[in-house]
Amino acid sequence: MAMAQGVVLRRQHVVRRSEGPPLALIVSRSKTPSRAPLGQILVEMGALSAEDLVRVLEIQANQTSFLGDILLTQGLVTQEDLTEALSRQYGAAHLTRNSPHRDPALMDHLGVQTCLAMHCLPWARAGDVTIVACARPAEFERHRTRLEARLGPVAMVLISESDLHEIVLRTRRNRLKLWAESCVAESESCRRIQSRGFGHVLLGALLILGILTLLAPLKVLLVLTVFTTVVLALSSGLKLAAAIAVHRRSLTREPEARAESAGKSGHSILRNRKPVVSILVPLYHEPRVVPRLINRLSRLTWPRELLDVLLVVEENDDTTRDVLRQMDLPRWMRVIPVPDAPLKTKPRALNYAMLFARGTIIGVYDAEDAPAPDQIHKVVRCFQQGSPKLACVQGVLDFYNARSNWLSRCFTIEYATWFRIVLPGMQRLGLAVPLGGTTLFFRRDILESLGGWDAHNVTEDADLGIRLARHGYYTQLLDTVTQEEANCRAIPWVKQRSRWLKGYAVTWLVHMRAPRLLWRQLGAWRFFGVQLLFLGTLVQFMFAPLLWSFWLFFIGLGHPLAGVLDAAAIVAFTAVFLTSEAITLTLGYLALHGRAHRRLRFWLPALHAYFPLAVLAVYKALWELISAPFYWDKTAHGEHEAACDLVPVVALRSA
Numbered sequence: 138m139a140m141a142q143g144v145v146l147r148r149q150h151v152v153r154r155s156e157g158p159p160l161a162l163i164v165s166r167s168k169t170p171s172r173a174p175l176g177q178i179l180v181e182m183g184a185l186s187a188e189d190l191v192r193v194l195e196i197q198a199n200q201t202s203f204l205g206d207i208l209l210t211q212g213l214v215t216q217e218d219l220t221e222a223l224s225r226q227y228g229a230a231h232l233t234r235n236s237p238h239r240d241p242a243l244m245d246h247l248g249v250q251t252c253l254a255m256h257c258l259p260w261a262r263a264g265d266v267t268i269v270a271c272a273r274p275a276e277f278e279r280h281r282t283r284l285e286a287r288l289g290p291v292a293m294v295l296i297s298e299s300d301l302h303e304i305v306l307r308t309r310r311n312r313l314k315l316w317a318e319s320c321v322a323e324s325e326s327c328r329r330i331q332s333r334g335f336g337h338v339l340l341g342a343l344l345i346l347g348i349l350t351l352l353a354p355l356k357v358l359l360v361l362t363v364f365t366t367v368v369l370a371l372s373s374g375l376k377l378a379a380a381i382a383v384h385r386r387s388l389t390r391e392p393e394a395r396a397e398s399a400g401k402s403g404h405s406i407l408r409n410r411k412p413v414v415s416i417l418v419p420l421y422h423e424p425r426v427v428p429r430l431i432n433r434l435s436r437l438t439w440p441r442e443l444l445d446v447l448l449v450v451e452e453n454d455d456t457t458r459d460v461l462r463q464m465d466l467p468r469w470m471r472v473i474p475v476p477d478a479p480l481k482t483k484p485r486a487l488n489y490a491m492l493f494a495r496g497t498i499i500g501v502y503d504a505e506d507a508p509a510p511d512q513i514h515k516v517v518r519c520f521q522q523g524s525p526k527l528a529c530v531q532g533v534l535d536f537y538n539a540r541s542n543w544l545s546r547c548f549t550i551e552y553a554t555w556f557r558i559v560l561p562g563m564q565r566l567g568l569a570v571p572l573g574g575t576t577l578f579f580r581r582d583i584l585e586s587l588g589g590w591d592a593h594n595v596t597e598d599a600d601l602g603i604r605l606a607r608h609g610y611y612t613q614l615l616d617t618v619t620q621e622e623a624n625c626r627a628i629p630w631v632k633q634r635s636r637w638l639k640g641y642a643v644t645w646l647v648h649m650r651a652p653r654l655l656w657r658q659l660g661a662w663r664f665f666g667v668q669l670l671f672l673g674t675l676v677q678f679m680f681a682p683l684l685w686s687f688w689l690f691f692i693g694l695g696h697p698l699a700g701v702l703d704a705a706a707i708v709a710f711t712a713v714f715l716t717s718e719a720i721t722l723t724l725g726y727l728a729l730h731g732r733a734h735r736r737l738r739f740w741l742p743a744l745h746a747y748f749p750l751a752v753l754a755v756y757k758a759l760w761e762l763i764s765a766p767f768y769w770d771k772t773a774h775g776e777h778e779a780a781c782d783l784v785p786v787v788a789l790r791s792a
């Protein structure tokens, strides 16, 4: 009899028709469950041909996706037919967002984030039994123990994923919005920097430095020059060591080396079957790039039924949302509106969107990105071969408008050095790797265990790279390229770089709150690397004019320290400065070995006019650190096209 009512429960909890309106509603809609597979039911309904079923089952054999998702993505069945077939298969009633008798308070017993993660929504109580609406009925038994621990005996009914999301947003929108802003532990977040006290402390420190400079200018100048020179020497040494490490070991061999240890550890994450990959693409005032973005992502060759692209847009960004409404988006793309709030940052949007992602791998692209078509194949293979501690895969970033002007050429040289030499070298030296903001792929379980991204940090990527290292995980650099749009105008470049440098300062301050703990978590070597990378970068740009002053000796002019330093000291300072310049130019030359950018080697001397812009940026960053630490100085995109924009996607798919 319980089977006929569609509510068979553990420990013989049988729900009877007399236990209230919710149960009466559900029982009246329930069917006798079918023992036939879902595909057979759809064929018997006439909703799917036998030939299509055979083909789809072959596709599903080496994937982790559900049969229903494959059928919907390929347009072989309608949502209505799939819902009816699932209802017959499980003998369960089907509810919608407008069905009656729902008790909103039950959601809080499970937790709104858990509801979204489990695709389950507690609906109503019938006696001692909780009726749970489930969008993934095949996973209900796997979640039953956890559900019953929170809710007591449970019975399943069906609901579509879109209706479940709509109900959650309608009733717990503010709670999700708050979670997206505060999901990282306060001890590892920069949100406490918002207090005025921090700004006063920083301003006070700068005032003290200014007063000391007035009272003893030569002594302050000497101390700062020595300090900056030491930092420059150490930083140049690190870059040189990174270059040597890259030269000694090929980048593409690293995943294979990790694979052996993965097999010994019994690690089987994502092994043997292709996983669902969710790609989060934050969009904010990006109407010009939306059509190009759709085309570029459509070039990805990862199976569509395993691809889950979330276009993340602020709900008050009417221009971008209007363009998205006009687009005929493929079934594997969704628009996720982020609730309006005073804080508008990329990491906040990413945290919010991740709640609705389906994949076990979470990727991030920027609005202007043009990834290599086979990129996700390489990423998944890297995860499959990696150890259980592999949390993130970082791709290489390059520019499709590298030859727009001298600034874009220099930017390309800098990126090539960073992504092809410095970061891979840091990885091989065993240092913590600061992540880039895009072409990032994470194991979802690890990312969620760390709380996602720090919503208040304007360089959330670099911060997350350090947090991963602190918790014992590592990042793998992968030789797959995403083309971006280089910022090729001076003022926007300074604005963008000031945001990055401000984020570096914030990240250093956050992780140095408890230096002893950081030392214990990272060890001495990686602790040193964090100091040199974050603090060292800021120091070099802040006091770069002190180093430039040594050019005065070469043009025969006097130097303020000439009367304080002897000839040997001046020669030593100058030697460090010139050696650093030589290392920078040499690494740039080596990074441009590829055919695409080899001719940019002639532009290496232009770096002497390029890096001074970062000095302007660092002082803008320091001012904002006092006045607006969470202000996101957005970069505009869409002025340049990528070569792939001229390639028809249909032709590429058939190739």
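Per this note's numbering, numbering through the sequence shown is continuous, rising by one, with the last residue being 792. Here a beta-carbon is modelled for each residue, glycine too, at the ideal position from N, C-alpha and C. Just so it is clear, the structure is predicted and the values come from calculations on it, not from any experiment.
The beta strand (DSSP E) that contains residue i, what's its start and end?
i, result
"Q613", "Y611 to E621"
"C519", "Premise fails: C519 lies in the alpha helix (DSSP H), Q512 to Q522, not in any beta strand (DSSP E)."
"L420", "V414 to L420"
"L577", "L577 to R580"
"R495", "R495 -> no beta strand (DSSP E), and no H or E assigned at all."
"P259", "C257 to A263"
"D445", "L444 to E451"
"D455", "No beta strand (DSSP E) contains D455, which is instead part of the alpha helix (DSSP H) from D455 to Q463."
So, is the C-beta of residue i closer than 8 Å to a C-beta in chain C?
i, result
"R657", "Given the protein chain composition of this structure (a single chain), no chain C is represented."
Does residue i pass the burial test, meaning 16 or more other C-beta atoms within 10 Å, or should it be called exposed?
i, result
"H774", "buried"
"I628", "exposed"
"T389", "Residue placement at T389 is poorly supported in this model, since its pLDDT is 47, which falls under 50; the coordinates still yield a value, given next. Exposed."
"K356", "exposed"
"M138", "Low confidence applies here, because M138 scores a pLDDT of 34, under 50, leaving its location unreliable and the question unanswered by this model."
"T215", "exposed"
"S102", "The structure shown has nothing for residue 102, since the chain only spans 138 to 792."
"R557", "buried"
"M244", "buried"
"T282", "exposed"
"F691", "exposed"
"M293", "buried"
"L654", "exposed"
With a threshold of 6 Å on Cβ separation, who are the neighbours of residue i within its own chain once the five nearest residues in sequence on each side are excluded?
i, result
"H777", "N538 and E622"
"T457", "L420, E423, P424 and V450"
"L753", "V631"
"A187", "V180"
"A370", "V713"
"W685", "none"
"F548", "A623"
"F767", "H593"
In chain order, what residues of the same chain lie with their CB nearer than 7 Å to the CB of residue i, ignoring the 5 residues before and after it?
i, result
"H302", "F493"
"R410", "N199, Q200 and T201"
"F206", "As written in the sequence, residue 206 is Asp, which differs from the Phe given in the question. Cβ within range, chain order: E442."
"V249", "V305, R309, R312 and L313"
What do you reckon, are the CB atoms on residue i and residue j nearer than 8 Å?
i, j, result
"S415", "G500", "yes"
"A528", "R462", "no"
"A509", "L729", "no"
"L702", "L722", "no"
"A751", "F678", "yes"
"W600", "V647", "Note on identity: in this sequence residue 600 is Asp, with Trp being the wrong assignment. Yes."
"A222", "A272", "no"
"L577", "L614", "no"
"A824", "G666", "Absent from the model: residue 824. The displayed extent of the chain is 138 to 792, so no value can be given."
"K639", "L762", "yes"
Along the chain, where does the alpha helix (DSSP H) that runs through residue i open and close?
i, result
"I196", "A187 to Q197"
"M182", "L175 to M182"
"L288", "F277 to L288"
Using DSSP's beta-bridge definition, name the partner residues of residue i.
i, result
"L860", "Only positions 138 to 792 of the chain appear in this structure, which leaves residue 860 out of reach."
"A569", "Its beta-bridge partners do not exist; DSSP assigns none."
"L534", "T619"
"L527", "Y611"
For residue i, which residues in the same chain have their Cβ closer than 8 Å to its Cβ, ignoring the five residues on either side in sequence?
i, result
"A394", "In this prediction, A394 scores a pLDDT of 43, lower than 50, which makes its location untrustworthy; the coordinate-derived value is nonetheless stated afterwards. So the list is empty, once near-sequence residues are dropped."
"R546", "A539, R540, L737, W740 and A743"
"I473", "L447, L448, V449, V450, Y489, A490 and F493"
"A322", "G588"
"R310", "P476"
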